[in-house]
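Protein chains in written order, with the numbering used here: chain A, 7 to 122; chain B, -16 to 94.
We put the CB at the ideal spot given by N, CA and C, even for glycine.
As structure tokens, the structure follows; a few thoughts come after it.
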Amino acid sequence: DTGVSQNPRHKITKRGQNVTFRCDPISEHNRLYWYRQTLGQGPEFLTYFQNEAQLEKSRLLSDRFSAERPKGSFSTLEIQRTEQGDSAMYLCASSSRSGFGANVLTFGAGSRLTVL
Amino acid sequence: EDKVVQSPLSLVVHEGDTVTLNCSYEVTNFRSLLWYKQEKKAPTFLFMLTSSGIEKKSGRLSSILDKKELFSILNITATQTGDSAIYLCAVPLGGNEKLTFGTGTRLTIIP
């Protein structure tokens, strides 16, 4: 297992375009989280899945943001009609509910979005 | 409102120095506090603390929690340039272990 994988690692887009990020969590982890991190700030929670069910969404997640985890494995985060304020690092994390390291989030390397 | 506050925001020291990073919290239904190290990419897990007064140690890094005064410290002794990173403190909220992070402490080690 190679940990949490995210792609693309970098995305530059023009304002108004749609972008999609993918996250492949650690295979045995049933919990998956999306965070956003801007310069000088800690990661901010966006949304959380347990298996395929999206159980919580932050108020930060506007209607332009949507996340899915269709088969309880990988997840996608889509941003429609991007704005310059969406420029940030989008981090995915996963965790297991049991076993060694239970409830400890393992993060991916992130997808950096730049909106011009 | 739940919050996690880290200090200092940034710290520059010489290689070999010892540093202490601070994290204070105000959280309802506190269960644990986690420390992460973030270099240029993914935050990597360092420690999870649940009990007051019990030091967690890994090499030159150690951490302790004070649940009465609502803070934790992360100590790094004999610092090396590879310790340069942002150190994040986080507390899980709610039943899904969603983490609330502090703003982090940016540590720079000068050779």
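Please list, in chain order, all residues of the same chain as residue i whose beta carbon is under 7 angstroms from its beta carbon, the five residues on each side excluded.
i	result
Arg21 (chain A)	Thr88, Glu89, Gln90, Val121 and Leu122
Asp92 (chain A)	Ile85, Leu119 and Val121
Glu22 (chain B)	Ala68
Leu53 (chain B)	Ser7, Tyr8 and Glu9
Arg43 (chain B)	Ile59, Thr60 and Ala61
Arg103 (chain A)	Asn36 and Arg37
Could you give the C-beta distance for residue i and residue j, rounded to a whole number, given that I count them as a contact under 8 angstroms?
i	j	result
Arg28 (chain A)	Gln12 (chain A)	7 angstroms
Gly87 (chain B)	Val(-12) (chain B)	Gly87 (chain B) to Val(-12) (chain B), Cβ: 11 angstroms. No contact.
Ile92 (chain B)	Ser55 (chain B)	Wrong, their Cβ atoms sit about 21 angstroms apart, outside the cutoff.
Asn109 (chain A)	Glu80 (chain B)	5 angstroms
Leu82 (chain B)	Leu111 (chain A)	6 angstroms
Glu58 (chain A)	Lys77 (chain A)	6 angstroms
Ser100 (chain A)	Val10 (chain A)	6 angstroms
Thr62 (chain B)	Gly(-1) (chain B)	6 angstroms
Leu83 (chain A)	Ala94 (chain A)	Between Ala94 (chain A) and Leu83 (chain A) the Cβ distance is about 11 angstroms, and since that is not below 8 angstroms, they are no contact.
Thr11 (chain B)	Asp49 (chain B)	The pair is not a contact, with the Cβ atoms about 18 angstroms apart (cut-off 8 angstroms).
Leu32 (chain B)	Ser46 (chain B)	6 angstroms
Taking 8 angstroms as the threshold (beta carbon to beta carbon), is residue i in contact with chain A?
i	result
Gly87 (chain B)	yes
Glu102 (chain B)	For residue 102 (chain B) there is no data in the structure shown, the boundaries of chain B being -16 and 94.
Leu90 (chain B)	no
Chain B beta carbons: is any one of them nearer than 8 angstroms to that of residue i?
i	result
Asn109 (chain A)	yes
Pro76 (chain A)	no
Glu62 (chain A)	yes
Ser101 (chain A)	yes
Tell me which residues share the same chain as residue i and place their Cβ nearer than 6 angstroms to its Cβ, disregarding the 5 neighbours each side in the sequence.
i	result
Leu4 (chain B)	Leu57, Tyr70 and Thr88
Asp30 (chain A)	Ser11 and Phe80
Pro94 (chain B)	Glu(-2) and Thr64
Ala73 (chain B)	Leu17, Leu82 and Phe84
On the DSSP bridge assignment, give the partners of residue i in chain order.
i	result
Glu9 (chain B)	B:Lys(-14)
Lys63 (chain A)	A:Thr53
Ile18 (chain A)	A:Thr120
Phe113 (chain A)	A:Ala99
Would you be able to state if there are at least three C-beta pairs under 8 angstroms between the segment 29 to 40 of chain A and the segment 11 to 23 of chain B? The segment 11 to 23 of chain B and the segment 29 to 40 of chain A do not touch, with fewer than 3 CB-CB distances between them shorter than 8 angstroms.
Contact between the segment 53 to 71 of chain A and the segment 108 to 117 of chain A (3+ Cβ pairs under 8 angstroms): Result no; under three Cβ-Cβ pairs closer than 8 angstroms.
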